[in-house]
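Numbering (our numbering), first residue to last: 239 to 767.
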């Protein structure tokens, strides 16, 4: 029942293209293309690239030679389908756009047969005056997915990549889920930005982040950003959901927890930048009852760790560093270090104390690689020691909505990921190869992989090491090709082919999948986990 509308729309656009449409000069409305991962590499130019701000996105311009020859069809239908948003209202003091965002895909898996996705989305965006911008998106989804994605959804209750809580669909082995996001940004003068959002955030220059990533579902937050020349300082307060505890009542919903985040990014020179990160997570209620938002963390320029210690609280504080060095005009080395808990004495002793918890990242990326315009490449390694990001209770761990707030693999892993994407006119291509080694929990023992397990259930006090437990290899390979139809709303025809294998001494899971669809979406459908 969902496949027919998909093929009808694909057929319509295919016929339309064959009837004489050629590429039109246009630009998008400010959101990124989910097919690529482009961010500026190389010399900073005083751009603070490590703070991924979803309110200001790079513009995409087609070449000037990309003109339309289908002169007989330049009316309203042509413009709305292939040039601009569905509704465009512009005035000297304000603007308002509305777009319909379909995401219709059909495909096949070597394990569970036919797969499909039926998404109807809508986006609203606009600007009031010179300082206030806003946007909002909503997606209603039904779909059947590759087996390993279904296994993940059944185990966690949510879609990977933070696309929402799932519920069974009327069709067997399919899911129903919804996704919404919204952001209001106000620029107060030359130096300050204020954001109120229900969205994701990302800190880092790489594909993954060990500090704060876009892996988990959207959450409400308030963000204050101060930018002055080479320095940018961000303070953010957010509320998260803990699904590990059953709802106390229908009226109250899931239990909540809070987070405060500070990030200072400094472009020391044109080639070198350093970022200082700190965060603290605390539960909304403790043993004494309702705690709520802790005003101790309200000051935006506060050092969070000393306050957490002074409170004598069980709050979860983390600190980290983000580094970037431009090796060329369009290339850079980057890295991160995340410190959860550790003692220098125990670290020097080398006895594998469980609470020496830390993680890191090292990567290289380049734009216009090998002198080829619009070819972007990235290679990156990530790791986290056992029990990193975990706490006594999930009400204090570094997670939200049953997903990690940092790397999707949680802890006790090493990953190597390689990505290349290329654009020529309206054609987009992307390839990814990822290899990871994980130490899974086994035989009823907690070896520190699952950050939603209490570290009080750890197997050993000492003798812990990276990749302990059930050693598991994960290999993921994926290729994508897309033809852009409408730059305003990212409407495109897209083909995806991928393969994932997961092997250890107890099982061997291998799955090949492909899909083809008509997509108009600014979200990421995550497969590499």
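Each residue gets a CB set at the ideal place from its N, CA and C atoms; glycine is no exception. It should be emphasised that the depicted structure is a prediction, and the values quoted were computed from it without experimental measurement.
- The segment 304–362 contains, as complete beta strand (DSSP E) runs of 3+ residues, the segments 325–328, 332–347 (chain order).
- Restricted to the segment 365–426, the beta strand (DSSP E) segments that are unbroken, complete and at least 3 residues in length are 370–382, 413–426, listed in chain order.
- Shown here for residue 405: same chain residues with a beta carbon closer than 8 angstroms to its own, the five before and five after excluded, namely 413, 414, 415 in chain order.
- The criterion of a C-beta distance shorter than 8 angstroms is satisfied by residue 721 and residue 664.
- Look at residue 534 here: in three-state DSSP terms it is helix.
- In this structure, the CA atom of residue 411 is about 21 angstroms from the CA atom of residue 766.
- Per DSSP, residue 704 lies in no beta strand (DSSP E) segment and is marked neither H nor E.
- For residue 561, the closest C-alpha among the options 554, 507, 541 is that of 507.
- By the CB criterion at 8 angstroms, residue 624 and residue 677 fall inside the cutoff.
- Assigned with DSSP and collapsed to three states, residue 604 falls in strand.
- Bounds of the alpha helix (DSSP H) holding residue 584 are 582–587.
- Comparing alpha carbon positions, the residue from 520, 565, 563, 730 closest to residue 499 is 520.
- Proximity of the segment 709–721 to the segment 732–744 meets the contact definition, three or more beta-carbon pairs being nearer than 8 angstroms.
- Boundaries cannot be given for residue 663, as no beta strand (DSSP E) includes it and DSSP labels it neither H nor E.
- Two segments are said to touch when three or more pairs of C-beta atoms, one from each, lie closer than 8 angstroms; by this definition the segment 635–651 touches the segment 448–455.
- Per DSSP, the unbroken beta strand (DSSP E) holding residue 557 starts and ends at 554–566.
- With respect to residue 599, residue 566 sits apart: the two C-beta atoms are not nearer than 8 angstroms.
- Boundaries of the beta strand (DSSP E) harbouring residue 737: 729–741, taken from the DSSP string.
- Looking at the DSSP output, residue 458 sits in a beta bridge with 436.
- Distance from the CA atom of residue 559 to the CA atom of residue 370, rounded to whole angstroms, is 32 angstroms.
- Residue 378 and residue 477 have their C-alpha atoms some 23 angstroms from each other.
- Annotated as distal: residue 445 and residue 289, with beta-carbon spacing of 8 angstroms or more.
- Look at the beta carbons and you see the segment 347–361 not touching the segment 603–616: under three pairs across the two are nearer than 8 angstroms.
- One Cα belongs to residue 629, the other to residue 433, and the distance between them is close to 30 angstroms.
- According to DSSP, residue 464 shares a beta bridge with 430, 471.
- For residue 318, the closest C-alpha among the options 333, 332, 337 is that of 337.
- Rounded to the nearest angstrom, the Cβ distance from residue 668 to residue 679 is 33 angstroms, too far for a contact under 8 angstroms.
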